[in-house]
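Asker: Here the sequence shown stands for residues 93 to 300, where the numbers follow our numbering.
C-beta atoms are modelled at their ideal positions from N, C-alpha and C, and glycine is treated no differently.
Here's a structure for you.
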Amino acid sequence: MFERPGERLYAIIDDEVCAQRGVEPAALALACLRGGARVLQLRVKGGASARFLGLASELVASARSFEAAVVINDRPDIARMAQAAGVHVGQDDLPPEAVRTVFPEAVIGLSTHDSPQIEAALASTADYVAVGPVFSTSTKDTGYSARGLSLVETAAGRGKPVVAIGGITLELAPRVIAAGAASVAVITDLLAGGDPEARVAAYLRALV
């Protein structure tokens, strides 16, 4: 993962953000795929597990025809049942080693917010390390202030791909890649301009 041009953008389909903006998550995912994104993460923080599984399965089916990967946030059980490519966990979620007992073949990502967490993630069985928030963001309260590009540089080039997240916009994304990130994770800026398919295509042009 993160070797193809379309994987330089890690598009996060956040159920709560979609609800706030009046966008259907499945429709946003399909627009991202049509725009060229080849890695999607589905984040659903509340509601019934059955709905989460149904949405995950729908995204996986859509992604299959684009040869794209879907990563499920927090829930290895949902990821395995939906036949997703991977699972992304945070510092307060199941550790990567525990995720592998539920879904052994999953690609696993782990969020980090400071240097000690990065060191632990690099020593873990996680396949990639997410670093952030790089810039100020109001989408998710991590309890951490903006870390800047220096934290990306700390994690980069050490054996695991780095996904940078937090306040990344189309204008800032090339700087993040230049700092060593393999991919930039974007949530709300996918919806800027009201045409996510065009927005994703613009990101991928900027990240060549």
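Count the other CB atoms within 10 Å of the CB of Asp184; is the residue buried (16 or more) or exposed (fewer)?
Answerer: Burial call: exposed.
Asker: Per DSSP, Val199 is paired with what?
Answerer: DSSP, once it has assigned bridges, lists Gly178 as partnering Val199.
Asker: Candidates Val136, Ile210, Glu95, Asp166: which alpha carbon is nearest Asp107's?
Answerer: Nearest of Val136, Ile210, Glu95, Asp166 to Asp107, Cα basis: Val136.
Asker: Kindly indicate which residue of Ile164, Gly182, Ala274 has the alpha-carbon position closest to the one of Ala176.
Answerer: Checked all of Ile164, Gly182, Ala274; the closest Cα to Ala176 is Ile164.
Asker: Please classify Ser300 as buried or exposed, where buried requires at least 16 neighbouring CB atoms within 10 angstroms.
Answerer: Residue identity check: residue 300 is Val in the sequence provided, not Ser. Val300 should be labelled exposed.
Asker: How is Leu186 classed by DSSP in three states: helix, strand or coil?
Answerer: Three-state DSSP puts Leu186 in coil, outside helix and strand.
Asker: Can you look up Thr193 in the DSSP assignment and give me helix, strand or coil?
Answerer: Three-state result, Thr193: helix.
Asker: Counting Cβ pairs closer than 8 Å, one from the segment 184-196 and one from the segment 134-154, do we hit at least three?
Answerer: No, the segment 184-196 does not touch the segment 134-154.
Asker: Rounded to the nearest angstrom, how far is the Cβ of Val221 from that of Val254, given a contact under 8 Å?
Answerer: Indeed they touch by this definition, with Cβ atoms about 6 Å apart.
Asker: How long is the line joining the alpha carbons of Thr261 and Ser141, rounded to whole angstroms?
Answerer: For Thr261 and Ser141, the distance between alpha carbons rounds to 31 Å.
Asker: Would you kindly work out how many angstroms separate the C-alpha atoms of Phe144 and Val131, rounded to a whole number?
Answerer: Spanning the two alpha carbons is a distance of roughly 18 Å.
Asker: What whole-angstrom Cβ distance do Ile200 and Ala247 have, given they're in contact under 8 Å?
Answerer: Actually they do not touch by this definition, with Cβ atoms about 16 Å apart.
Asker: DSSP three-state label for Leu264, please.
Answerer: In the structure shown, Leu264 sits in coil (DSSP, three-state: anything other than H, G, I, E or B).
Asker: Under a Cβ-count criterion, where at least 16 other Cβ atoms within 10 Å of its own Cβ denotes burial, should Gln112 be classed as buried or exposed?
Answerer: Exposed is the call here.
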